[in-house]
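Novice: My questions all concern the structure below.
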Amino acid sequence: MRERVRVRFAPSPTGPLHIGGVRTALYNYLFAKQHGGDFVLRIEDTDSQRFVPGAEQYIEDAFQWLGLEYDESPSKGGEFEPYRQSERKEIYHQYVRELLDKGAAYLAFDTPQELEAKRTSINNFQYDATTRVQMRNSLTLSQEEVQSLVESGAQYVVRIKIEPGIDIKVNDLIRGEVVINSSVLDDKVIFKSADELPTYHLANVVDDHLMNISHVIRGEEWLPSAPLHVWLYRSLGWEDSMPQFAHLPLLLKPEGNGKLSKRDGDRLGFPVFPLQWKDPKTGELSSGYRESGYLPEAVINFLALLGWNPGNDQEIFSLKELIELFSFDRAGKSGAKFDYEKAKWFNHKYIQSTPNGELAQSFLPVLAEKGVSAKPEYVEKVVGLMKDRVSFVPELWQQSSFFFVAPTSYDEKTVKKRWKAESPAQMEELIAILQEMDDFSAKNQEKIIMKWIEDKHYHLGNVMNVFRLALVGEGKGPHIFDITTLIGKEESIKRLKKAVSSINL
RNA sequence: GGCGGUAUCGUCUAGUGGCCUAGGACGCGGCCCUCUCACGGCUGAAACUCGGGUUCGAUUCCCGAUACCGCUACCA
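In the numbering used here, the protein residues as written are 298 to 802.
Structure follows, in structure tokens:
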């Protein structure tokens, strides 16, 4: 057991960071910060075949956007650098050597083809205590043969030698004690001569030990190999300072079965990545939460509740509150299906509580894109009127374009429903009333117009809806006088005139 | 197939033997508010996988079945 809490998030740079990975990182972060500990980013690039350029930068950018700051990382450095496994080759070599010298591991020369042949000819073939005697490895070959093979440059791997018949206990913070008999484990490859790199299992154990990691918080997909990791700690003599484990349930597809995958997002119409990602090879574009108009706080809040809950009815949490409240006792054990509607609702909630000025700032670029230039103060007022009705910032345009651009057409259904024979005449009257109005405040407009409708015994709904149709182009939007006040007297009259002249029954 | 994990409304979940006629949220329906559309408020439909135990009493504990998920690579 380590005294200081130090956790790590250790993605492999094989593509953009998946939203499930973000949740894993978030739980790591919350746990570390709650205990005043360290949050470390380590890049696990031990698979040279699958390395994707740009992926590491993407990961750092994503966490920056989300506001989850690392204490140590490849870009930031730290006491235990390097934080990129490809730069730690010599370190691993040392421990591979040690394991070999101890007789806890051995060299295996079987080719992939030979292994494949074994797997197809023997069902449930597993490279272990019972089968390794029939394979080509340093246990079955003579010392001279092994030496000449290595010297001749033959490719080999190093396998961990698992002793059968031993119960291995993994103590998991979420699942309690999981016991697995070593006989079901196979002699996993821990090092490959081809690229001189260890596999995940060894690199992970060595680094966690060397970096003083106290808690390994990762996805459930690692649970089956946790006993192997315990075995590795034991073989290296590090069992006393072994980290505690917590295996998080997986994020599942919203529909059907299986874990959420990179392809699900755009197929189902929602992002699975924090940031937009362009595949460097195919040029394929995957959407991101940031680009879709999500606020990072909303994403964090939503993710935090997918697998953890506070035990009461509260659903909206700041990062600070999450740090205070998070605990593994309240983490779920079962996989959670990703519910996009709920994610939207969280964003809606966050938009509602974001100050108008801030929202206006993020809306300005959207307006610019539409070719609209408007004063920030004006945009702020519009946003204040409209933010309750949208889930995303870009959606603001669909809902409030009429504040910036006069309607060019009128919604057919609304026209049919609202535009009556008497409408043109009524609107002409209204135009006249507006023209004479000196005090154009919403309050005064309401007073005068309501009186006019009352005096003439007009139908309130009819008049107001026709008025709205002229201003907005359809049957939606905030209160009429909020609209007229904002767009102004002249523009209001102009829109009324246009409607009268262009809408025909 | 083998091994492991999990199992409450459609979804996220509360529930740790009696407080459960099972609570909340999203989504869905209705009503109210109202010049419209939203927001908001109220409200409705909607779940303990099955079978055995243990117990005076099981959603809750145990066993089994089933289902789902994961792992089973010289990927992580």
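A virtual CB, placed ideally from N, CA and C, is assigned to each residue, including glycine.
#1: Starting from the Cα of T705, find the closest Cα among K639, I800, L470 and give me that residue.
#2: Return the chain-ordered list of same chain residues with a C-beta closer than 6 Å to the C-beta of K634, the five sequence neighbours on each side being excluded.
#3: Grab me the residues of F700's own chain with a C-beta within less than 7 Å of its C-beta, minus the 5 sequence neighbours each way, in chain order.
#4: The alpha helix (DSSP H) that contains H645, what's its start and end?
#5: Among L727, R429, Y326, S511, which one has its Cα closest to the Cα of L482?
#6: Can you check the segment 503-533 for any beta strand (DSSP E) of at least 3 residues that lies completely inside it and give the ranges in chain order?
#7: Quick check: the segment 745-761 against the segment 683-697, are at least 3 beta-carbon pairs closer than 8 Å?
#8: With DSSP as the reference, identify every bridge partner of F360, one or two as the case may be.
#9: Where does A595 sit, in a helix, a strand or coil, going by DSSP?
#10: For N609, does the count of other Cβ atoms within 10 angstroms reach 16, so buried, or fall short, so exposed?
#11: Are the CB atoms of L314 and I356 within a distance shorter than 8 Å?
#12: Does DSSP put L619 in a helix, in a strand, or in coil?
#13: Enumerate in chain order the residues of its own chain whose CB-to-CB distance from D636 is below 8 Å, with the five nearest sequence positions on each side excluded.
#14: Could you tell me if S650 is buried or exposed, where buried requires 16 or more neighbouring beta carbons within 10 angstroms of its beta carbon?
#15: Give the DSSP-derived three-state secondary structure of Q541 in the structure shown.
#16: Does the distance from the CB of A849 to the CB of R381 come in under 8 Å?
#17: With a threshold of 8 Å, are at least 3 pairs of Cβ atoms found where one atom belongs to the segment 387-396 and the other to the segment 486-493?
#18: According to DSSP, what are the bridge partners of K466?
#19: Is the number of C-beta pairs between the segment 440-449 and the segment 410-417 that are closer than 8 Å three or more?
#20: May I ask which residues mark the beginning and end of the beta strand (DSSP E) holding D576?
#21: Taking three-plus beta-carbon pairs below 8 Å as touching, is the segment 311-330 in contact with the segment 513-525?
#22: Give a yes or no on whether the C-beta atoms belonging to S479 and W528 are separated by under 8 Å.
#23: Tell me, please, whether the segment 330-338 touches the segment 563-570 by the rule of three or more beta-carbon pairs shorter than 8 Å.
#24: Is the beta carbon of D563 sitting closer than 8 Å to the one on S538?
#25: Please report the Cβ distance between T343 and T496, rounded to the nearest whole angstrom; I am assuming they are in contact, meaning their Cβ atoms lie under 8 Å.
#26: Distance, Cα to Cα, L507 vs A352?
#27: Select from E674, P461, K556, S697 the residue whose C-alpha is nearest the C-alpha of E655.
#28: For I457 and V663, what's the separation of their Cα atoms in angstroms?
#29: Going by the beta-carbon positions, is the gap between F778 and Q742 smaller than 8 Å?
#30: Please tell me whether F599 and Q331 are closer than 8 Å, where the distance is taken between their beta carbons.
#31: Are I597 and V304 touching if we call contact CB-CB under 8 Å?
#32: Pick from K559, A601, W535: whose alpha carbon is nearest that of G312?
#33: Taking D708 and G758 to be in contact with their CB atoms under 8 Å, please state how far apart those CB atoms are, rounded to whole angstroms.
#34: For V443, does the three-state DSSP call read helix, strand or coil?
#35: If we count the other Cβ atoms within 10 Å of its Cβ and call it buried at 16 or more, is A491 buried or exposed?
#36: Can you tell me whether K803 is helix, strand or coil according to DSSP?
Specialist: In terms of the structure at hand:
#1: Here residue 705 corresponds to residue number 408 of the first sequence, with the count starting at 1. If we check each option's Cα against that of T705, I800 comes out closest.
#2: As a working mapping, residue 634 is identified with position 337 in the first sequence. Only L549, P551 meet the Cβ criterion.
#3: As a working note, residue 700 is residue 403 in the first sequence. The answer, listed in chain order, is V679, L783, I784.
#4: Here residue 645 refers to the residue found at position 348 of the first sequence. Here the alpha helix (DSSP H) through H645 covers 637-650.
#5: Sequence index remark: in the first sequence, residue 482 carries index 185 (1-based). Nearest option by C-alpha distance: R429.
#6: Entirely contained in the segment 503-533, the beta strand (DSSP E) runs reaching 3 residues are, in chain order, 512-516.
#7: no
#8: Counting from one through the first sequence, the residue named residue 360 turns up at place 63. Looking at the DSSP assignment, F360 forms no beta bridge with any residue, so it has no partner.
#9: Along the first sequence, read from residue 1 onward, the residue named residue 595 stands at position 298. In the structure shown, A595 sits in a helix (DSSP, three-state: H, G or I).
#10: If you number the first sequence from 1, residue 609 lands on position 312. By the C-beta density criterion, N609 is exposed, having fewer than 16 other C-beta atoms within 10 angstroms.
#11: Translated into positions along the first sequence, residue 356 becomes position 59. Translated into positions along the first sequence, residue 314 becomes position 17. Yes.
#12: On the first sequence, position 322 is the one that residue 619 refers to. It is helical.
#13: As a working note, residue 636 is residue 339 in the first sequence. Excluding positions up to five away in sequence, the list reads P551.
#14: Here residue 650 refers to the residue found at position 353 when the first sequence is read from its first residue. Classified as exposed, S650 has fewer than 16 neighbouring CB atoms from the shown chains inside 10 Å of its CB.
#15: Within the first sequence, numbered from 1, the residue matching residue 541 stands at position 244. Reduced to three states, the DSSP call for Q541 is strand.
#16: This structure does not reach residue 849, given that the chain is present from 298 up to 802, and the question cannot be answered.
#17: yes
#18: For the purposes of this step, residue 466 is taken as residue 169 along the first sequence, with counting starting at 1. In the DSSP output, where bridge partners are listed per residue, K466 has V476.
#19: no
#20: Here residue 576 is taken as the residue at index 279 of the first sequence, counted from 1. Following the DSSP letters along the chain, one finds D576 in no beta strand (DSSP E), marked with neither H nor E.
#21: yes
#22: In the first sequence, the residue the question calls residue 479 occupies position 182. In the first sequence, the residue the question calls residue 528 occupies position 231. Against a cut-off of 8 Å, the Cβ pair of W528 and S479 comes out as a contact.
#23: no
#24: As a working note, residue 563 is residue 266 in the first sequence. As a working note, residue 538 is residue 241 in the first sequence. Not a contact, by the Cβ cut-off of 8 Å.
#25: For the purposes of this step, residue 343 is taken as the residue at position 46 of the first sequence. For the purposes of this step, residue 496 is taken as the residue at position 199 of the first sequence. Correct: roughly 6 Å between the Cβ atoms.
#26: If you number the first sequence from 1, residue 507 lands on position 210. If you number the first sequence from 1, residue 352 lands on position 55. Across the structure, L507 and A352 are spaced so that their CA atoms are roughly 25 Å apart.
#27: Indexing the first sequence from 1 puts residue 655 at position 358. Closest by alpha carbon: E674.
#28: Counting from 1 along the first sequence, the entry for residue 457 is found at position 160. Counting from 1 along the first sequence, the entry for residue 663 is found at position 366. If I take the Cα positions, the gap works out to 57 Å.
#29: Translated into the one-based positions of the first sequence, residue 778 becomes position 481. Translated into the one-based positions of the first sequence, residue 742 becomes position 445. Closer than 8 Å, so yes.
#30: Start at 1 with the first residue of the first sequence, and residue 599 comes out as number 302. Start at 1 with the first residue of the first sequence, and residue 331 comes out as number 34. Not closer than 8 Å, so no.
#31: Numbered from 1 along the first sequence, position 300 holds the residue referred to as residue 597. Numbered from 1 along the first sequence, position 7 holds the residue referred to as residue 304. No, they are not a contact pair.
#32: Taking the first residue of the first sequence as position 1, residue 312 is located at position 15. Among K559, A601, W535, the Cα nearest to that of G312 is on K559.
#33: The residue labelled residue 708 in the question sits at position 411 within the first sequence. The residue labelled residue 758 in the question sits at position 461 within the first sequence. 17 Å between Cβ atoms; not a contact.
#34: As a first step, residue 443 is located in the first sequence; it is residue number 146 there, counting from the start. Reduced to three states, the DSSP call for V443 is helix.
#35: What you label residue 491 is simply residue 194 of the first sequence in a count that begins at 1. Its Cβ having fewer than 16 others within 10 Å, A491 is exposed.
#36: Coverage of the chain is limited to positions 298 through 802, which leaves residue 803 absent and any answer about it impossible.
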